[in-house]
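*Asks:* Under numbering that gives the first Met the number 0, the first residue of the sequence shown carries the number 0, and numbering increases by one thereafter. Sharing a structure with you now.
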Amino acid sequence: MARKYDHEYKVQAVKLAKEIGGAKAAKELGIPEGTIHTWLKAVRAGKLDIGEGSHTPTSAMSLSEEITMLRKRVKEQDKEIRRLKEENEFLEEASAFFAASRRKSAKTRE
């Protein structure tokens with residue numbers, strides 16, 4: 000019966016294999032060398048995601064798609080900045096109003 004490995008174990012094993020080689024990694028981890036090579040092949044084919052920077056050129060975004068995505072993100076961030084500036088301005092005005100109100104009420108109590 001074939002042994003099952005969880006995703007995180009595969010990811011760590013593949014990263015180790017990339018550092019020290021498949022045969023050494025398999026020996027160190029006590030798993031069949033063929034298993035490591037299968038996982039490495041899956042990573043190259045884009046079937047096993049091991050995190051950022053692991054995508055193959057065929058699975059990566061094209062330059063124009065990335066530029067479009069980044070422009071959209073910048074536009075959203077600009078919108079968020081405008082909203083936050085408006086909120087900040089409102090809060091500053093409200094703070095000044097309440098501070099003046101407190102000063103007035105303190106003077107009338109004296």
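Don't be surprised by glycine CBs; every beta carbon is placed ideally from N, CA and C.
Please go through the region 3–71 and give each complete alpha helix (DSSP H) segment of 4 or more residues, from N-terminal end onward.
*Replies:* 6–19, 21–28, 32–43
*Asks:* Going by the beta-carbon positions, is the gap between ALA1 and TRP38 smaller than 9 Å?
*Replies:* no
*Asks:* Rounded to the nearest angstrom, what separates GLU18 and ALA24 at their Cα positions?
*Replies:* 9 Å
*Asks:* Which residues in the same chain as LEU15 place their Cβ atom closer than 8 Å to its Cβ, once the five residues preceding and following it in sequence are excluded?
*Replies:* ALA24, GLU27, LEU28
*Asks:* Look up ALA1 in the DSSP assignment and say whether it is helix, strand or coil.
*Replies:* coil
*Asks:* Between ILE49 and ALA95, what straight-line distance do the alpha-carbon atoms span, to the nearest angstrom?
*Replies:* One alpha carbon belongs to ILE49, the other to ALA95, and they sit about 53 Å apart.
*Asks:* Where THR67 and ARG43 are concerned, what is the direct C-alpha to C-alpha distance, given to the nearest angstrom?
*Replies:* 26 Å
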